Amino acid sequence: MMTVNKQLQGDKLTVAVEGRLDTTTAPELEAQLKDSIDAVTELVFDFSKLEYISSAGLRVLLTAQKCMNTQGTMVVRGCSEDIKEIFSITGFSEILTIE
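Residues 60 to 158 (my numbering) make up the sequence shown, in order.
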């Protein structure tokens, strides 16, 4: 189960993800991002209510990061220790900007 709450302010998009980002929910997030990030220069993920992220979720983040590399910045905020550990183990803490 996952809830996505998007908030657009000018060219900054904040995407709050709640619940589990896994093989079941990742395609939904990917589709929502595809529709939204074309015109933004700042993408912020709020993971303060994210409980779990799988490799499918990581792939969505990687795709978003590649896109934002050409058009602006991307930041991941509010990660729990568990999520930070997953980013660390997978090497994503080197790729992503985590605050």
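C-beta: ideal position from N, C-alpha, C; glycine also.
Every value quoted in this text rests on a predicted model; they were computed, and no experiment measured them.
Please go through the same chain and pick out, in chain order, the residues whose beta-carbon is closer than 7 angstroms to the beta-carbon of Asp81, but skip the five residues on each side of it. The residues are Tyr111, Ser113, Ala115 and Gly116.
Can you tell which of Glu144, Lys65, Cys138 and Gln66 has its C-alpha closest to the C-alpha of Lys108? Of the residues Glu144, Lys65, Cys138 and Gln66, the one whose Cα lies closest to the Cα of Lys108 is Cys138.
Looking at chain C, is there any beta carbon in it that lies within less than 7 angstroms of the beta carbon of Met127? Among the chains of the structure shown, chain C does not appear; only one protein chain is present.
Collapsed DSSP secondary structure at Thr73 in the structure displayed: Thr73: strand per DSSP, three-state reduction.
Pull up the distance between the alpha-carbon of Lys143 and that of Ser152, whole angstroms please. Spanning the two alpha carbons is a distance of roughly 8 angstroms.
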